[in-house]
Structures are given as structure tokens and as C-alpha cells.
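Below is one structure, written out as C-alpha cells; comments come after it.
Residue numbers (this note's numbering): 998 to 1711.
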């Protein structure tokens, strides 16, 4: 593989891959891949299979409309969705060995389907995979049928007006249509003769089958590269998560987990002896649903928050050992309700032998732990000391993990760092001292970067708090030279700069332009305990700003960091980070930077009332009519009389979390005040930017702005 320089084109033009899914034998794994060519301005999409023994991969199909590949039970056959121009969706079956075997259509569903999932062998059947079940997601018409987008477009009248009697009015990047997401199931059958092909039955709406009309699942927007983690299928039924019907999703996050047995996958009416089971969780959001399909009891685990409407609340692990019973356990529960583990897991899945694989942010990394759940009926006695870390690299982060095989202790890990692109690695939990085996096919590119470029610093702030930050240096770093500072402020505020690869916010790429990048994790950041995460609430421009000030002072005064020229500094932030850059512009710290960059930032707190999300009001202490002083106190617009530092403003018009008025208002104020400024607008982008050409323009504009004010040559 040719070693490449790290420039925007190499980052954006590298193949983007979904997480790999192994087959039942643990010999192959399937994934999707998309690669954009800036030369031809075209995108190539593939479904590919990697051999887990050799690391070699091959293409199964290059159909750009193919998506959501799944293994057909225990075989080496794949089945996937293919969108048609008619608005319908084919289910296509093909061989994973990349042979010349003909692909064939198992059937067509009448509408646009997402998130295909297939069961293993159905109960009380011959062990021959001739009868399987599948599930899909999509948008539901009022009668429960699957939405066909072409038919909706054809039936739209001449008016484009939309009348609303309740909120939210907008989702992530579109107006609410009144149609909800739903789940459908169906039957997949083939004959017993050699060479027989699978055919599908008609599909049935799960919500209607379960008598749960009005519920929406999946809750997340459809169409992501990864399959939804909000519903699962197993041979005995369906498990899914939905927001409670009793609450409005604009202001509430309360969810429940539902378990519905399905006796026959071609039936549309439920037998009353199989009721739907509802597990309410702890009162807040539910995420990362997992079902242990290798265990006969099909135990369930998910993450649940306690505080309704608080998306920054701590995730707690809920374990249901036997779905269809009343036994529910909170792992690491405590008498005071705070929980025995101060960290907040971000994802969970099952390994073999009742092992739970737990990912969590921790001090600027995403760590992996495994926890044995094999001590029956003692789950409430588990303590965090039982967690076993899986950290063979001692560097970087783990983005995804899955068992190689249900009866094996080997796991397949996706690992990356600030200076390492994502790779797939096989690691044996039974041999923790051994090194992971990297799959050669997982390397998308070789780049001239090293771990030596990355340092960690901790500095003191108010209240005896220690603040973490990453320092990323150029690959050709010379300690005798002085480099301008790029001070990056993350979004959120409840997120973090973690030691992992990013396409849109690639800190190493900015360092390669001749900057030293410093990325602090101030008050409100995740991965440093719940109290630290909560400390930014009712203090948006308070504690986090103080931490950023103290961090800048530390960079100025620390002798070991004298290679950083703080007299040539740029501050860059997006989302909450953009809010903070606007806040900095109106305060003393803003005078210490040569220039500023705000991406999708907040200009005035009241504009957040136009956001599609209204959970944030709890961050300010309550709605504006109850806490008007808090809203005014943390409003960057109050301090525009001090705006004087050159400022680049970037805004995506389809980002309905941070409305376009904020970007326009900030730029207009800068222009009215005669401050050197520029505005970059993407009318057709939301959050994140998805068009590679727009991403390239974004990188070039930001880098040019940084160079302009730091006397950096191209």
C-alpha cells in the first residue's frame, strides 16, 4: 500500500466502511464500503466480504442501491436490500465467496425498506435453514403499510404548506411529515430440493400485530450506514425500543423496551396467549439494545437513563435474563441511586458464555470492558471490580466490537486513534496477554503519522479540578521551532475529544498544516464522571470558559510546551464549541486569538427555541419564562460590543438543531462592526456535512483562514 500525505483529499477520499458482521462459522465478515473520487466526482458503493483468516477481501456487488447485508443463518449466503426506482425494495440473495454464482431476487416489498435483519433457524423446524424470518424498518402510512416515497411524491398536492398543532415541527434535517417509523416482519422460505431459492412472504406491521399502534421504532433517523440498534429479531420474536406514547419527543426522552413473541412469521394476527411485554427502563432514554441469541433464554441488555428529558444523564446497564418474566436487574445499582460505576457506557453487546462487552468513554478514550454474567441470580451483587479491561494497544479508542463466533472467546474489534485510521483486529478474551491480529484488508490507507505526535496534558482549574487535553504535533515536528496554536473546542457540551480517527474533524490533518493542535475536554465533557459532565449545566459560559482560559494560560506558561507560539493562535469550535467561540469573542480570552472559527454555533440563546430539540432547556435551568435571567446570562449576543477578532462563520442550513439565523446574525454583527469576517453557508447540508465536495471546501476554507492570520505558508 502506498504511503500518502495527510491532506483533505486523502482523508475524504479514503474508503468509508461499516462495521463488519461475521458469519456463523466465524470465517468471513460482511461490510459495506463507499469511496469518493475527487477526480471523477463519483462515489462507488460496494458490499464486500473479508476472510478473517487471510485478511483478503472481495466485492459481492457494486449496485449503488444495495444496502444492509445480512448472513442467511448458518450459511455463506448473503441477503440484502436493493432500492428500486419504483420506490419499492428487492431482497437479493448472493454467495459470499465472490464467485460467479448468479444473484437472485427473493422477493419485493412494496415500499422503501431499511435495516434488514434475519433470524437463525426457526424453532421446531428441521436443521436445514429452509425456513427463516426477517424484519425491516421504514416509514409507515396511516394504514400501517410501508411508505413508497415515489407514491408520496406523486400524491402531493400543489400546495407546499404544512399545518402543525403540536411540536416538534422539524426533525434532524427535515420537516416532520406525520408519518412514523415502524417495523415489519416476514417469512423467508425455500424448498428442500438442492438448488432451491428463497422466497419471501408478505410483510406484517409489528406495531399493529402487537396492538401498539402509535408507537415509533426505530426512533433514530432511517438510512444510516450502520444497522439500527433499536430493534432485534430472534427465532422466537421481536424486541424493540420506543419512546413512551404518553410523552412528547420534543421535550421528553422516556422510553420502554418491548418483547413480542411471534409463533408463526407469516401470521398477521396475534394469539392472545402471547402478550407483549413492556419494560419501562429507569425513566429516561434507552439505547444500545442487545439480545444474546446464543443463549436459549435470549437474555436482553440495554442502556437506560434515569432522568427523563436529560440526554446527558448517565447510561446504566439493564439486564433481563429471561424475557417474558418480571426479573429486571440494574447492573452496578446502588442504594443511593447514583450507581456504583461513575462512568457512562456508550454501547453494549453480548460475547460468548454470558459475557457482556461494554464500551465507555474514559479520560479521552473509548475503552472496552468485558463482564461475566454467568453467576445465576447474583447479578444485583456485581461490582465494578468484576469488569475486565480489554486494552492491548494502551492507545486509541475502540469504536465497535462483536464476537467472531457465538461459541468463541475471540472478538472482532474496530480500533483507531488520532493518528491511525480504523482497523479491524481479532482478539482473544481468553488470552489477554496476546497481541491482537490486524486484518490487512481493513487498512484504508497508510499515512505518515506516528503515536509520538500525540501527547496528553492535565492542567489545574477552579474547584481543585484537573482538566484533560490532547496535544497533536506535526509529523515533521522540530522541538527547536515554534508552531502556531490551533485551539479546538468540541461540540455538546456533553461530548469529548477522544483519541480516535475522524473524517469531519481530523485534528491530525490540521496539525499537518504546521500547527500544534490542542483539544481540551472542559467542564461538561463526557468520560470524566457524571459530576464533571453535569457541571456545565446552568453554566454554559461559566465553568467551561474558565477551563479553556486556564488551559490557554497553561500553554503560555509551561516550559515543556514552549514550542507552542500562543501569540499566533486560532480558536475553532462547532455546535456547543461554536457557541463557546462566539462567547469567547465577547470576552477577554477572545483578544488572545489572532482569529476565530465558528461552525454551526449559537449566536443568541433565544434562537434555541427554534431548534428541533427542546430538551436543552434543562441545561439552562428551565424554560425562558421561568429562568429569564439564566437565558440572558449565558447569551453571547449580549457581548457583541466587544467583538473585534477576525472571525470565520460557517453554517449548514439544514441543521435544525442550530438554526441558520444564528450564523447569519453572527456574520451580520461582525460586518456591522467592521470586523474582518467571512461566511461560508451550505444550503443543502445538515449535521454532519455529507457531500465530500462540501467537506473539501469546508477544510480548505478553514485551513486558509487559519494560515491567513498565523503567517503560515501553504
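No residue lacks a Cβ here, since even glycine has one placed at the ideal position from N, Cα and C.
| Query | Result |
| --- | --- |
| CB-CB length for residue 1399 against residue 1408, believed under 8 Å | 7 Å |
| Proximal residues to residue 1120 (C-beta, below 6 Å), its chain only, five neighbours per side dropped | 1232 |
| For residue 1355 and residue 1524, the rounded distance between their alpha carbons | 14 Å |
| Local conformation of residue 1099 per DSSP, three classes | coil |
| For residue 1608 and residue 1496, believed in contact at Cβ under 8 Å, the rounded distance | Not confirmed; about 30 Å, so no contact. |
| Whole beta strand (DSSP E) elements within the region 1379-1458, 3-residue minimum | 1394-1400, 1407-1414, 1417-1425, 1451-1458 |
| Exposure label - residue 1326; buried when at least 16 CB within 10 Å | buried |
| Coil, strand or helix - residue 1713 by DSSP | What is shown of the chain runs 998 to 1711, which leaves residue 1713 out entirely. |
| Enclosing alpha helix (DSSP H) for residue 1687 [first to last residue] | Residue 1687 -> no alpha helix (DSSP H), and no H or E assigned at all. |
| Distance CB(residue 1316)-CB(residue 1298) smaller than 8 Å | yes |
| Residue interval of the alpha helix (DSSP H) (run including residue 1580) | 1573-1582 |
| Beta-carbon contacts of residue 1380 that lie in its chain and below 8 Å, excluding the five residues immediately before and after | 1329, 1337 |
| Given residue 1195 as reference, the closest of 1075, 1293, 1238, 1290 once Cα atoms are compared | 1075 |
| Residue 1479 beta carbon less than 8 Å from that of residue 1560 | yes |
| Residue 1613 burial status per 10 Å Cβ neighbour count (16 or more: buried) | buried |
| DSSP beta-bridge partners of residue 1229 | 1236 |
| Beta bridge counterpart(s) of residue 1114 as assigned by DSSP | 1132 |
| The beta strand (DSSP E) enclosing residue 1510, as first and last residue numbers | Per DSSP, residue 1510 belongs to no beta strand (DSSP E) and is neither H nor E. |
| Burial state of residue 1067 (16 or more Cβ within 10 Å) | buried |
| Range of the contiguous alpha helix (DSSP H) that encloses residue 1521 | First-last for residue 1521: undefined, no H or E at that position. |
| Beta-bridge partners of residue 1013, as assigned by DSSP | 1031 |
| Residue of 1242, 1200, 1266, 1223 minimising C-alpha distance to residue 1214 | 1242 |
| C-alpha gap between residue 1313 and residue 1430, whole angstroms | 29 Å |
| Distance CB(residue 1522)-CB(residue 1512) smaller than 8 Å | no |
| Rounded straight-line distance, which links the Cα of residue 1547 to that of residue 1365 | 31 Å |
| Closest residue to residue 1226 among 1344, 1081, 1141 (Cα-Cα distance) | 1344 |
| Three-way DSSP call (helix, strand, coil) for residue 1724 in this model | For the chain, the structure presents residues 998 to 1711; residue 1724 sits outside this window and is missing. |
| Residue 1711 - DSSP class collapsed to helix/strand/coil | At residue 1711 the pLDDT is 46, less than 50, meaning the model places this residue with poor confidence and gives no usable figure here. |
| Neighbour-count burial assignment, residue 1184, 16 or more Cβ in a 10 Å radius | buried |
| Local Cβ density within 10 Å of residue 1358, reported as buried at 16 or more and exposed below that | buried |
| DSSP state of residue 1309 mapped onto helix, strand, coil | coil |
| Which listed residue (1222, 1527, 1155, 1273) has its alpha carbon closest to that of residue 1303 | 1527 |
| Buried or exposed (CB count within 10 angstroms, at least 16 for buried), residue 1245 | exposed |
| Classification of residue 1428 by the beta-carbon crowding that lies within 10 angstroms, buried from 16 upward | exposed |
| Residue burial classification, residue 1570 (beta-carbon count within 10 angstroms, cutoff 16) | buried |
| Closest residue to residue 1282 among 1137, 1029, 1033, 1252 (Cα-Cα distance) | 1252 |
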